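As structure tokens, the structure follows; a few thoughts come after it.
In my numbering, the protein residues as written are 565 to 864.
The structure is reproduced here in structure tokens:
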């Protein structure tokens, strides 16, 4: 994205229950919005996401498409109500605000995420790894608590030379992080062709991804025919529940399974599903009311 090309800017803010946020985030990604900002109200269990466009008509058109898509989330057991969509112009200082919103950000001890147009570089001789992402991508750019939790978990479990499956890869940020932390082979998969294309673009912006990776359009792990040392998935709890029964057949005996995208209300359900599959929770990570889990196979 060229930040110097814009003259006017409009924003659309969607307010919704926190449990619906990951699903709405996916819908926004499919709509190819030019930016994304989150605001959480934990007390009210509400979140607001703001996206941007250079014309009001663009947002109005996409809003007309999005409203029935959000309503249809009920068919998947996700209640998005009440939700509200508001469109308005951004004030004259938008460009300054835009640039400030997408400065390089240190996410974990080792990982920093920087926009592709930033000239940010780590300090010489430091252990910092910089992941460069297109800030126009509205999914998985490190700004949402679930992505930060998944990155933190990867940093916790990776030691180097692992094979990593990134399930529901979105923008590919977790795959790039895994490689930056020493993983040898990356298999990134998503059932959405737009996500697959986004991952490929972001891989191209990160030289660390030149070798030993695959990007596939696939559903969860159904088409995988090899084992992973680490499986990472940042997605809706409802989809995690579909993924969990597949993990034992695709994880090495000493492998780690990272689950992120779990809101507090869904934690017990996910925990029970892991127990039923004899997957033991080794560590729990939290940010506000969002959770990530690190699990492994029970040793029998």
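A virtual CB, placed ideally from N, CA and C, is assigned to each residue, including glycine. Note that the coordinates shown come from a computational prediction; the quantities given were computed from them, not determined experimentally.
Item, Value
"Beta-carbon proximity check, residue 583 vs residue 649, cutoff 8 Å", "no"
"Beta-carbon gap between residue 768 and residue 728 smaller than 8 Å", "no"
"Exposed unless 16 or more other CB atoms sit within 10 angstroms - verdict on residue 687", "exposed"
"8 Å contact criterion, which residue 581 and residue 601 should meet: CB distance rounded", "At roughly 18 Å, the Cβ-Cβ gap does not stay under 8 Å, so residue 581 and residue 601 are not in contact."
"Where the alpha helix (DSSP H) through residue 786 begins and ends", "Per DSSP, residue 786 belongs to no alpha helix (DSSP H) and is neither H nor E."
"Own chain, CB closer than 7 Å to residue 918, minus 5 neighbours either side, in chain order", "For residue 918 there is no data in the structure shown, the boundaries of the chain being 565 and 864."
"Paired residues, beta bridge with residue 852 - DSSP", "Answer is none; residue 852 lacks a bridge partner."
"Distance, residue 617 Cα to residue 598 Cα", "Any reading at residue 598 must be qualified, since the residue scores a pLDDT of 45, below 50, and its modelled position is unreliable; no value is offered."
"With 16 other Cβ atoms within 10 Å as the buried cut-off, status of residue 586", "buried"
"Which of helix, strand or coil DSSP assigns to residue 598", "Annotation note: pLDDT 45 at residue 598 (below 50); position unreliable, coordinate value reported separately. Looking at residue 598 - three-state DSSP - the assignment turns out to be coil, as it is neither helix nor strand."
"Buried/exposed call for residue 640, threshold 16 Cβ in 10 Å", "exposed"
"C-beta atoms of residue 858 and residue 721 nearer than 8 Å", "yes"
"Burial state of residue 862 (16 or more Cβ within 10 Å)", "exposed"
"Neighbour flag for residue 648 against chain D, beta carbons, 8 Å", "No chain D is present in this structure, which holds just one protein chain."
"Which of helix, strand or coil DSSP assigns to residue 792", "strand"
"Residues sharing a beta bridge with residue 860, DSSP", "844"
"Assumed close pair residue 867, residue 785 - CB separation to whole angstroms, cut-off 8 Å", "This structure leaves residue 867 out entirely; the chain is present only between 565 and 864."
"Identity of the residues DSSP links to residue 799 by a beta bridge", "None; residue 799 has no bridge partner."
"Residue nearest to residue 931 in terms of C-alpha spacing, selected from 757, 623, 811", "Only positions 565 to 864 of the chain appear in the structure, and residue 931 is not among them; the question remains open."
"The alpha helix (DSSP H) enclosing residue 737, as first and last residue numbers", "737-744"
"Simplified DSSP state of residue 725, which is helix, strand or coil", "coil"
"Three-state secondary structure assigned by DSSP to residue 673", "coil"
"Pairwise C-alpha distance: residue 630 and residue 645", "14 Å"
"Residue 652 - DSSP class collapsed to helix/strand/coil", "strand"
"Rounded straight-line distance, which links the Cα of residue 689 to that of residue 576", "42 Å"
"Same chain, Cβ closer than 7 Å to residue 624, neighbours up to 5 away in sequence not counted", "651"
"Alpha-carbon to alpha-carbon, residue 759 and residue 778", "14 Å"
"Limits of the unbroken alpha helix (DSSP H) element including residue 759", "757-768"
"8 Å contact criterion, which residue 693 and residue 744 should meet: CB distance rounded", "4 Å"
"Classification of residue 746 by the beta-carbon crowding that lies within 10 angstroms, buried from 16 upward", "exposed"
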